[in-house]
Amino acid sequence: MNVEAILETDEVENKGDLREEVTNNYSGELVADDVEYVLNVGRSEILTGSFDGEAVVDGMGFAAEGSHGDFDLYTDDEEENAVIGTDGDILVKTSGNGFSDVDAREEIEHLIDTASGDVDRFVDVNDDFDQVQSEVDTDHYVYVSGQTESATEDAADDTVVTTAITAELDGAETNGTYLLLYASEDGVDLEQAESDVENDLSEEATLGDVSQDGRLVTAEFTVPTEEF
6 MNVEAILETD EVENKGDLRE EVTNNYSGEL VADDVEYVLN VGRSEILTGS FDGEAVVDGM
66 GFAAEGSHGD FDLYTDDEEE NAVIGTDGDI LVKTSGNGFS DVDAREEIEH LIDTASGDVD
126 RFVDVNDDFD QVQSEVDTDH YVYVSGQTES ATEDAADDTV VTTAITAELD GAETNGTYLL
186 LYASEDGVDL EQAESDVEND LSEEATLGDV SQDGRLVTAE FTVPTEEF
């Protein structure tokens with residue numbers, strides 16, 4: 006999510022809610038207007054911008070727990086299995102989750118290694134995710150969800166294996182795209198896909214063109230920016 010672009014758009018009315026959402030997991034040293042991008046990956050959140058990452062962490066009362074790559078790592082005794090890392094310019098925070106067996110430090114180290122190019126990104130090893138990601142042409146708001154190829158190899162034809170939702174703010178109107186990639190072209194029911202997308206959109210959204218290209222269904226929609 007491009008926080009900077011959204012906050013600079015006059016037509017966005019709930020900027021206070023966005024500022025709170027961006028900063029509520031951090032100390033008072035973090036100001037939302039200093040954040041450029043927020044990226045959520047699994048249980049982790051990554052922030053970039055013009056803030057001082059070390060000052061933000063100092064204000065949170067986390068304890069130093071060594072380093073990994075260029076990032077200093079910190080933990081919090083009161084938040085089990087939570088780790089935060091910063092290289093001064095970027096913040097990476099991973100929180101514990103009872104539904105995952107992955108250790109928070111292991112997850113945050115993997116993200117650091119991915120950013121530095123030491124391990125492959127998911128988009129580099131998953132053709133479905135790469136196909137959908139290649140259709141994304143905005144950075145204002147992007148949501149992409151996919152599954153490993155091993156998890157989908159026996160999926161029914163009508164299973165949606167990768168999904169994406171994007172939104173581009175354009176004055177009073179926000180233009181959105183909903184992408185659905187099915188396990189097989191034979192499993193695509195365009196009318197059903199259109200109905201599913203329409204039911205998933207907010208009441209303020211207007212569904213536009215819905216088209217199919219092989220396994221991929223693309224649905225365009227608009228929503229008033231003040232409702233974004």
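Be aware that the sequence shown starts at 6, since it is given in my numbering, and climbs by one per residue. Note that the Cβ used here is the ideal one computed from N, Cα and C, for glycine as well.
Can you tell me which of the three DSSP states residue i falls into?
i: VAL141; result: coil
i: THR164; result: coil
i: ASP175; result: strand
i: LEU12; result: helix
i: SER55; result: coil
i: VAL228; result: strand
i: GLY21; result: helix
i: ASP77; result: strand
i: ALA37; result: helix
Over what stretch of residues does the beta strand (DSSP E) that includes residue i continue unbroken?
i: ASN45; result: 40-46
i: SER150; result: 146-151
Express the C-alpha separation of residue j and residue i in angstroms, rounding to a whole number.
i: VAL62; j: GLU70; result: 12 Å
i: ALA210; j: THR153; result: 31 Å
i: GLU26; j: ALA161; result: 38 Å
i: LEU206; j: LEU12; result: 23 Å
i: ALA198; j: ASP191; result: 13 Å
i: GLU203; j: ASP194; result: 14 Å
i: GLY1; j: TYR79; result: The requested residue 1 is not part of the displayed model; the chain covers only 6 to 233.
i: GLY47; j: PHE134; result: 15 Å
i: GLN136; j: GLY66; result: 42 Å
i: GLU208; j: GLU225; result: 15 Å
i: SER139; j: PHE127; result: 13 Å
i: LEU212; j: GLU9; result: 27 Å
i: VAL17; j: GLY58; result: 27 Å
i: ALA120; j: ASP175; result: 30 Å
i: ASP22; j: VAL40; result: 15 Å
i: ASP144; j: ASN131; result: 21 Å
i: SER189; j: THR182; result: 21 Å
i: VAL124; j: GLY74; result: 13 Å
Could you work out which residue in the options is closest to residue i when comparing CA atoms only?
i: VAL165; options: GLU173, LEU184, ASP175; result: LEU184
i: GLY54; options: VAL46, ALA68, ASP38; result: ASP38
i: SER239; options: THR91, ASP81, MET65, GLY64; result: The displayed coordinates of the chain run from 6 to 233. Any statement about residue 239 would go beyond what the structure contains.
i: TYR146; options: ALA169, PHE134, VAL130, ASP129; result: ALA169
i: ASP94; options: GLU84, ASP81, PHE127, TYR42; result: TYR42
i: GLU34; options: ASP77, LEU96, LEU78; result: LEU96
i: ASP81; options: ASP75, ALA109, PHE56, ALA120; result: ALA109
i: ASP163; options: GLY219, GLU111, THR14; result: GLY219
i: VAL228; options: THR157, VAL88, ASP22, ASN180; result: ASN180
i: THR167; options: GLU114, LEU116, THR223, ILE113; result: THR223
i: ALA87; options: VAL141, VAL149, THR171, GLU50; result: GLU50
i: ASN45; options: ASP75, LEU116, ASN19; result: LEU116
Along the chain, where does the alpha helix (DSSP H) that runs through residue i open and close?
i: GLY58; result: 58-63
i: ALA156; result: 154-157
Which ranges would you report for the beta strand (DSSP E) in the stretch 81-133 if only whole runs of at least 3 residues count? 88-91, 95-99
Which runs of the beta strand (DSSP E), 3 residues or longer, sit entirely within the stretch 192-224?
-> 211-218
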